[in-house]
Each structure stands twice: as C-alpha cells, then as structure tokens.
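Shown next, in structure tokens, is the structure this report addresses.
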Amino acid sequence: MSTISSSQLVAKIFLDEWLARNIIGSFSRNCLSLGGYMGLYQILIIRQKKSAGLFLLWLLLLVGCASNLPPYRPYSDGAGYQERRIEKNRFALSFIGNSSMTAEATENFLIYRAAELTDAAGYDYFILHDKATKQMSRYRYFPYSHGLYGYYNNWGYGYSGFNYYDYCCPYSWYEVGAEAIMYKGQKPDDNLNAYDAEQVLEFMGPSIRGIRTGVPGVQQTQDE
C-alpha cells in the first residue's frame, strides 16, 4: 500500500485550497472536469515518488488549461473557422470550438463569421440553412514510467515494468456547420434564421475574442 510523504501532503493541501478558490466554480467550462482533476492528481501526486517535479508539472497543466481561450481564427490546431464559397452569394462554413467553449458560444462564432463574410462580400444580410451542432468527446492520456519496478494501475489499465499510458480527464468540444446565403436589402423580420450582418458585427463583436480586421480572400459583388 502506498503512502503519502510530507511533501506530497503539503502539495495536496495547496492544491485543495487553490481548487476551492479558483476552480470549482469554473472548471466545467475549462478543458478539465473535476473528475479530470482527481484523475490527474492520482497519476501525478499519489502514484509517483518525486512529488516536487510532478507538482510543478500539475501546475503547468492547470495554467495551460486556464489559458485555453476560445479560438476565433482560421482553422488551425484543431479549432477555428473554415468556409468554402459555393456561389456568388452562398458559403458553406463551419466552426470547431475547443473544450472551453459551450455549444452556444461555438454557434455564435459561426454566426459572427457568416456576418464577416456577408459584409466583406457586399451584402446586407444572410440566412443560415441546415445549421447543425454536434458534441465531440475524447480522453487525454499521459505517459509515465516506473523504471524497473513494475506497477499495477488501480484503474485497471495495465501492468508493466516500464512505460504506462493512463487515460483520464475526459473533455469535449462542439462543432457547428451551416450554409449561409447572402442578400441585399432589409432582413425579413419573420425569419429567425436571417441575420443583419452589420448588426451582428456591431453587437457581437465586443464579445468575440481575437477579432481580426478585414476578411482577405472575399471579394465584393457588383450590383447588376
């Protein structure tokens, strides 16, 4: 049976206090769940002997989690927006969020991107068609080693004298896709899927992080 050293106990007390003050209220909105915290704690603190270095690793993981900001940018590293121009006034677009974003936030980012495209192409409003949102889930895994001493994993994930891969910390994200058809003139008030591009940019803009200015690659259409 494993025991916790004094340094590990100090680390646990510090983590518990820090968790209570900073994490409980917002953890579900970040990249690790509370269950993920407990899983990482078991792997990095309880199961290892060199707690000081692992404690530092745990803090770095928390910092990385807290800095996992919504990615309003072209698709890169698994998150962001993508679009394809189908016709002069028609785009297929999608937005893939990260684990810190709710379904609503992911959908809002797609709406904002459609407004950017509409405005840059010289139209006044757009209508979203076939909008679909889906939730994706995955588990993070963390390799670790016990050298020549073999170790039985209490979670039932295997036994080896060398390297291990512990799966823990489930996380999820949302992906949304739609077609945007763009028009000139006044938005129809009776269509809930119609959005005035100028108003979307004005009212949603302040809440979108990392907004770029200008939309390269989108040319305005000419009045016929």
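Note that our numbering has the sequence shown beginning at 17, numbered continuously upward.
For glycine and all other residues, C-beta sits at the position ideal for the given N, C-alpha and C.
>> For residue 208, list the residues DSSP reports as bridge partners.
In response: None; residue 208 has no bridge partner.
> Considering only residues of the same chain and omitting the five flanking positions on each side of residue 91, which have a CB-CB separation below 6 Å?
Replying inline: Taken in chain order, the residues that qualify are 98.
>> Once DSSP output is grouped into helix, strand and coil, what is the label at residue 196?
In response: When secondary structure is reduced to three states using DSSP, residue 196 falls in the strand class.
> Do residue 216 and residue 122 have their C-beta atoms within less than 8 Å of each other?
Replying inline: Not a contact, by the Cβ cut-off of 8 Å.
>> Just to confirm my understanding: we take residue 188, look at its own chain, exclude 5 residues before and 5 after, and list those with CB closer than 7 Å. What are they?
In response: Within its own chain, the residues whose Cβ lies closer than 7 Å to the Cβ of residue 188, once the five positions on either side in sequence are excluded, are 115, 151, 152, 153, listed in chain order.
> Quick one: is residue 172 buried, meaning 16 or more other Cβ sit within 10 Å of its Cβ, or exposed?
Replying inline: Bear in mind that the predicted position of residue 172 carries a pLDDT of just 43, short of 50, making it too unreliable to give a figure here.
> If we ignore side chains and look at the alpha-carbon of each, how far apart do residue 120 and residue 224 end up?
Replying inline: C-alpha of residue 120 to C-alpha of residue 224: approximately 13 Å in a straight line.
>> Please return the same chain residues whose Cβ sits closer than 8 Å to the Cβ of residue 195, not counting the five positions on each side in sequence.
In response: Taken in chain order, the residues that qualify are 102, 106, 107, 108, 109, 144, 145, 146.
> Between the C-alpha atoms of residue 135 and residue 118, what's the straight-line distance to the nearest angstrom?
Replying inline: Each residue's Cα considered, the two are about 26 Å apart.
> Looking at the unbroken alpha helix (DSSP H) that takes in residue 128, where does it start and where does it end?
Replying inline: Per DSSP, the continuous alpha helix (DSSP H) segment holding residue 128 begins and ends at 119-136.
> If you draw a straight line from the alpha carbon of residue 208 to that of residue 142, how long is it in whole angstroms?
Replying inline: For residue 208 and residue 142, the distance between alpha carbons rounds to 11 Å.
> Buried or exposed: where does residue 94 fall if 16 or more other Cβ atoms within 10 Å of its Cβ makes it buried?
Replying inline: Here residue 94 is exposed, its C-beta having fewer than 16 other C-beta atoms within 10 Å.
> When the Cα atoms are used, what is the spatial distance from residue 89 to residue 205?
Replying inline: Pairing residue 89 with residue 205, the inter-Cα distance amounts to about 30 Å.
> Quick one: is residue 129 buried, meaning 16 or more other Cβ sit within 10 Å of its Cβ, or exposed?
Replying inline: Counting the other Cβ atoms within 10 Å of the Cβ of residue 129 gives 16 or more, which makes it buried.
> Roughly how many angstroms separate the alpha carbons of residue 138 and residue 211, rounded to a whole number?
Replying inline: C-alpha of residue 138 to C-alpha of residue 211: approximately 15 Å in a straight line.
> How is the beta strand (DSSP E) around residue 95 delimited, first residue to last?
Replying inline: For residue 95, there is no enclosing beta strand (DSSP E), as DSSP gives it neither H nor E.
> Once you ignore the five residues that flank residue 124 on each side, which residues in its own chain have a CB closer than 8 Å to its CB?
Replying inline: 220, 223, 224.
>> Does residue 215 come out as helix, strand or coil in the three-state DSSP assignment?
In response: In this structure, residue 215 counts as helix in the three-state DSSP scheme.
>> Determine whether the beta carbon atoms of residue 213 and residue 148 lie at a separation below 8 Å.
In response: No.
>> Comparing C-alpha positions only, which one of 199, 111, 202 sits nearest to residue 87?
In response: Among 199, 111, 202, the Cα nearest to that of residue 87 belongs to 111.
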